[in-house]
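Asker: Mind having a look at this structure? Questions to follow.
Numbering (this note's numbering), first residue to last: 127 to 242.
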């Protein structure tokens with residue numbers, strides 16, 4: 127249906143995922159199976175759902191996967207805010223990444239609207 131590798135939102139989601147992997151490297155080792163794992167899974171889910179949805183047979187199905195990607199995006203945003211609250215990161219350090227989350231959210235909404 128769509129060539130997901132050409133979608134700017136997919137590219138930005140891939141960049142975000144790389145950033146999350148980099149950010150979580152500095153988290154305490156005892157969070158390996160906790161917040162680190164959760165944040166990485168949430169991040170990976172975003173471009174993965176964009177890609178999977180793009181291969182579906184209908185716009186409605188694609189929209190469903192984009193909605194799942196938004197859910198994962200919000201999950202990641204919550205986990206980032208939690209990492210600030212518990213002192214793993216600072217608001218300043220995550221500021222640009224949180225802005226990228228907002229940008230990707232707007233792009234996903236735009237893509238969903240274009241499919242209607």
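Even for Gly, the Cβ is constructed at its ideal location relative to N, Cα and C. Keep in mind it's a predicted model, so treat the numbers as computed, not measured.
1. If you measure between the beta carbons of residue 198 and residue 171, is that distance less than 8 Å?
2. Counting only the same chain and skipping the five closest in sequence on each side, list residues whose C-beta sits under 8 Å from that of residue 140.
3. Considering only C-alpha positions, which residue in the set 236, 186, 223 and 231 is nearest to residue 148?
4. Excluding the 5 residues preceding and the 5 following residue 168 in the sequence, name in chain order all residues of the same chain whose CB lies nearer than 7 Å to its CB.
5. Let me know the secondary structure DSSP gives residue 151 once reduced to three states.
6. Consult DSSP for residue 183 and reduce its assignment to one of helix, strand or coil.
7. Tell me which residue opens and which closes the alpha helix (DSSP H) that residue 133 is part of.
8. Would you please state the rounded distance, in angstroms, between the beta carbons of residue 234 and residue 195? I believe it to be under 8 Å.
9. Taking C-alpha atoms, which residue in 210, 130 and 240 lies nearest to residue 182?
10. Look at the Cβ atom of residue 151, then the Cβ atom of residue 230, and state whether they are nearer than 8 Å.
Answerer: A quick look at the data gives this:
1. yes
2. 173
3. 223
4. 198, 201, 202 and 205
5. It is coil, neither helix nor strand.
6. coil
7. Careful: residue 133 lies outside any alpha helix (DSSP H) and carries neither H nor E.
8. 6 Å
9. 130
10. no
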